[in-house]
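Structure first, commentary second.
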Amino acid sequence: MKTILITGATDGIGQLATQKLAVLGYRILAHGRDQQKLESLTETTVGQIEPWLADLANLSDVRGMCRQILQQHECLYAVVNNAGVLKAPVTQTLTNRDIRFEVNTIAPYLITRKLLPIIDTQGVILNVSSAAQAPVDLDALEQFRAMGDMEAYAQSKLAMTAWSRYVANELTNGPSVISVNPGSLLATKMVKEGFGIEGKDLNIGADILVRLVTDPSDSKRTGEYFDNDAGDFGSPHSAVVDDAFGRRLIASLDSIIHQIGSE
Ligand SMILES: NC(=O)c1ccc[n+]([C@@H]2O[C@H](COP(=O)([O-])OP(=O)(O)OC[C@H]3O[C@@H](n4cnc5c(N)ncnc54)[C@H](OP(=O)(O)O)[C@@H]3O)[C@@H](O)[C@H]2O)c1
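67 is the number that this note's numbering gives to position 67 of the sequence shown; each next residue is one higher, with no gaps.
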């Protein structure tokens with residue numbers, strides 16, 4: 001049985017993708033930040049669900065979860081970095097960074113780096129990005145600076161898309177690394193809170209996550225970006241393919257994750 005870690009499995013696109021993949025026979029390591037929501041997911045989902053609790057806005061917590069996964073699992077077929085945040089009551093983390101960068105960019109990078117030794121070389125790391133992408137202020141990624149919600153979100157998603165491409169290029173004999181815009185304005189609480197609208201069918205987002213993980217012709221397209229608004233692989237924002245920016249971004253991310261021990 002293949003095992004897949006899905007972050008943000010307790011709501012929205014991640015929850016529906018979890019249910020679909022569990023029905024297909026995958027064992028799901030379902031990550032959430034809320035114990036009650038994780039218990040409810042485990043009780044109501046048909047299939048093998050293993051709950052994993054961590055606040056992705058707290059990198060020490062993320063590191064702890066990864067350590068335990070490494071102790072308890074020898075192989076993951078896929079990691080789906082799906083959890084994300086647009087609006088939050090408090091946007092500054094305890095470590096003085098913007099929560100959008102922490103949850104949407106840095107935590108999934110940390111998870112990927114930590115779990116890489118056990119991710120199947122034939123497997124896939126799927127990073128859930130967005131059509132909302134904007135050039136990244138690396139100073140703001142490293143240290144909190146007050147920003148509008150959409151600006152911080154779009155920068156965090158461009159950064160995630162850029163590190164996906166960079167890590168894909170680095171892994172010559174490793175799993176695929178793919179980023180995906182799951183579709184814009186889908187019916188999740190992020191969209192209801194952010195835009196005050198009901199949104200489009202959630203299956204649009206969940207189905208593309210399932211397809212990119214399970215269909216070999218798609219899951220091998222490492223380094224690429226799937227734009228589900230267009231229904232195909234396509235071009236991310238031009239800054240994503242700027243190699244000089246990619247190197248600076250990776251240096252920033254590596255420096256942040258190396259500091260975690262002392263935070
Ligand atoms: N909906 C769209 O139209 C759309 C479009 C483009 C991209 N996306 C992306 O799709 C992904 C899923 O979002 P969604 O639309 O399904 O939104 P959602 O329903 O709000 O789900 C977001 C998930 O992320 C989790 N999460 C948020 N902050 C977290 C934290 N600090 N620690 C741990 N988990 C945290 C949430 O946990 P809780 O369950 O505890 O809240 C939830 O499970 C996100 O990356 C989002 O940016 C969505």
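We treat Cβ as the ideally placed atom computed from N, Cα and C, and that holds for glycine.
Given this structure, state the Cα-to-Cα distance separating residue i from residue j, to the nearest angstrom.
i                 : j                 : result
serine 164        : valine 128        : 10 Å
glycine 25        : phenylalanine 144 : 42 Å
isoleucine 119    : serine 176        : 10 Å
serine 238        : threonine 44      : 42 Å
glutamine 132     : aspartate 149     : Glutamine is not the amino acid found at residue 132; the sequence shown has alanine there. Rounded to the nearest angstrom, the two C-alpha atoms are 12 Å apart.
alanine 146       : glycine 14        : 28 Å
isoleucine 99     : valine 191        : 17 Å
leucine 138       : leucine 249       : 7 Å
serine 235        : serine 179        : 11 Å
phenylalanine 101 : valine 85         : 9 Å
valine 62         : leucine 110       : 8 Å
lysine 20         : alanine 206       : 8 Å
alanine 159       : threonine 105     : 6 Å
aspartate 201     : glycine 231       : 15 Å
asparagine 169    : asparagine 82     : 21 Å
serine 255        : serine 156        : 17 Å
Can residue i be considered in contact with ligand 1, in the sense that its beta carbon sits closer than 7 Å to one or more heavy atoms?
i              : result
methionine 190 : yes
asparagine 96  : no
threonine 161  : no
lysine 20      : no
proline 182    : yes
threonine 105  : no
aspartate 207  : no
alanine 17     : no
asparagine 82  : yes
aspartate 34   : yes
serine 164     : no
threonine 44   : no
valine 213     : no
leucine 5      : no
serine 130     : yes
isoleucine 257 : no
Identify whether residue i lies in helix, strand or coil by the three-state DSSP scheme.
i             : result
valine 23     : helix
valine 177    : strand
leucine 115   : helix
aspartate 98  : strand
valine 341    : Not covered by the structure: residue 341. The range shown for the chain is 1 to 263.
glutamine 143 : coil
asparagine 81 : strand
glutamate 224 : coil
lysine 2      : coil
threonine 7   : coil
threonine 44  : helix
aspartate 243 : helix
Of the residues the options, which one's Cα is nearest the Cα of residue i?
i                 : options                           : result
isoleucine 197    : Asn203, Pro182, Asp227 and Thr188 : Thr188
glycine 183       : Asp120, Val241 and Asp229         : Asp229
proline 216       : Gly123, Thr161 and Arg33          : Gly123
proline 108       : Met190, Val167 and Thr95          : Val167
leucine 76        : Thr112, Gly47, Leu59 and Asp11    : Thr112
isoleucine 260    : Asn58, Gln19, Ala30 and Gly47     : Asn58
threonine 10      : Ala22, Lys2, Val23 and Thr42      : Thr42
isoleucine 69     : Asn173, Thr105, Pro89 and Ile4    : Ile4
isoleucine 49     : Leu212, Arg67, Ile28 and Pro135   : Ile28
threonine 7       : Ile125, Val136 and Glu170         : Ile125
valine 23         : Lys37, Gly174, Val213 and Val46   : Val46
asparagine 173    : Lys220, Asp254 and Gly246         : Lys220
phenylalanine 233 : Leu212, Asp243 and Leu253         : Leu212
glutamine 71      : Gln92, Lys114 and Leu94           : Lys114
leucine 209       : Ala17, Ala78, Arg247 and Asp218   : Ala17
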